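Quick note, the sequence shown lines up with residues 2 to 151 if you use my numbering.
Glycine included, every Cβ here is placed at the ideal spot set by N, Cα and C.
The model shown is predicted, which means the values in this text are computed figures rather than measured ones.
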Amino acid sequence: MKNIIKILFLLLLVINFSCKNNSKTNVKHHKSHEESRQNTPFSDAVQVGKLFFLTGQIGKNHKTSKIVEGGIEAETKQTIKNIKAVLNYHNLTLNDVVKCTVILANIDDFNKMNTIYRTFFTDNLPARTTFAADLVGGANIEIEVIAAKK
């Protein structure tokens, strides 16, 4: 009887150790592909396994380093173009986005922003949160996204 208990105990130990997942999740911090953003104090994207957490983008034209003119509609377009550029650099598209956080300088711009937003996100709609806050650099909008590589 004691031998059977010892054997069962050893068998349970072997099963326990063989079932443990020893894989570690890799975390990669990616610098920007934009030369003008190489010295920023943050990563353009942080990759955790197949998830990509993108830094918030504003409606800045990275070639001129200025916010685009034309108000919330133009800034929303440029912001999403900037997001698309980062996604593209990592072989992702807007269809890979699973979560958006939209920050508006003025919550009254919600409908105008949403009209432009819907032209970019038509299928596979990501989960989204929208709120208003003071934004840096005179921006009217900032959007951050999380994307999942398939």
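| query | Can you round the beta-carbon distance between isoleucine 147 and leucine 52 to whole angstroms, since I take them to be within the 8 Å contact cut? | reply | 6 Å
| message | Let me check understanding here. Comparing Cα to Cα, which of Val87, Ile104 and Phe132 lies closest to serine 44? | response | Val87
| field | DSSP state of threonine 120 mapped onto helix, strand, coil | value | Three-state DSSP puts threonine 120 in a helix.
| request: Mind listing, in chain order, the continuous beta strand (DSSP E) runs of no fewer than 3 residues lying wholly within the stretch 53-111? | output: 98-105
| task | Taking only the alpha-carbon atoms, compute the straight-line gap between lysine 78 and asparagine 27 and give it to the nearest angstrom. | result | 33 Å
| query | Does the beta-carbon distance from isoleucine 59 to isoleucine 68 come in below 8 Å? | reply | The criterion of a C-beta distance shorter than 8 Å is satisfied by isoleucine 59 and isoleucine 68.
| With a Cβ-Cβ cutoff of 8 Å, do asparagine 107 and asparagine 125 count as a contact? | no
| message | Suppose the cutoff is 8 Å on Cβ atoms and the five residues either side in sequence are ignored; what does the same chain contact list for asparagine 92 look like? | response | Lys150
| Which term fits alanine 128, buried or exposed, when burial requires 16 or more other beta carbons within 10 angstroms of its beta carbon? | exposed
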